[in-house]
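Asker:
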Amino acid sequence: PVVSPRADALVFTPVAPHMAFDRSVVAAPDEPVALRVLDRSGQAAVSIDGQLRGVLDPGDWIGVYAAPRRLRAVRLGPTDFYGRLRDRMNLTDAPAAVADGTPAPLWPVTTPPPGDLTHLALPPGPGGAEPC
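Using my numbering, you'd call the opening residue of the sequence shown number 9 and step up by one each time.
#1: Ordered along the chain, which non-local residues of its own chain (more than five positions away) have a Cβ less than 6 Å from that of P13?
#2: When you compare the segment 53 to 70 with the segment 78 to 98, are there three or more beta-carbon pairs, one atom per stretch, that lie closer than 8 Å?
#3: Taking just the CA atoms, how far does L64 sit from L46?
#4: From the DSSP output, which residues share a beta bridge with V33?
#5: Quick one: Cα of A15 to Cα of R78, how far?
#6: Which residue marks the beginning of the beta strand (DSSP E) containing L60, and which one marks its end?
#7: Measuring CB to CB, does V23 end up less than 7 Å from S55?
#8: What does S55 pair with, by DSSP beta-bridge criteria?
#9: Going by C-alpha distance, which of L99, V41 and T21 is nearest G58?
#10: Nearer than 6 Å: is that true of the beta carbon of Y90 relative to any heavy atom of the ligand NAP?
#11: Between which two residues does the beta strand (DSSP E) harbouring L99 extend?
#12: In the DSSP assignment, what residue or residues form a beta bridge with G85?
#13: What residue range is occupied by the uninterrupted beta strand (DSSP E) comprising R48?
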């Protein structure tokens, strides 16, 4: 799934999506998740952030929970998550965007909505602040 970098979430994605359960599961950080390898199953590899971390035998289980502290990552400049998403997923190639000739601009929540969207009510921002 596409998850905003500002979202607090644990995302579980099957490595072999051709299997019966091929959907990602998104859990809240205060929601621990336990997984058990079925007794009649084969071994299961444990991959964390793309790195092989171990192997579980039938009957073994693993618990997953959020760390008590956030990861501090280095950012070399401001990021535009939704702009990058639009570019990487070629969302500007949608038939309507191609027909218009130019991609629709993205508006930050802090700016007033464009005239044709003023009838929409935006929810309050973080801390209850009203959007512009």
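Even glycine gets a Cβ: it sits at the ideal position worked out from N, Cα and C.
Answerer: Reading off the structure:
#1: F89
#2: no
#3: So the alpha carbons of these two residues sit roughly 10 Å apart.
#4: F20
#5: 12 Å
#6: Q59 to L64
#7: yes
#8: L60
#9: T21
#10: No copy of the ligand NAP appears in this structure; indeed no ligand is present at all.
#11: First-last for L99: undefined, no H or E at that position.
#12: Beta-bridge pairing links G85 to no other residue.
#13: Segment: none, R48 is in no beta strand (DSSP E) and carries neither H nor E.
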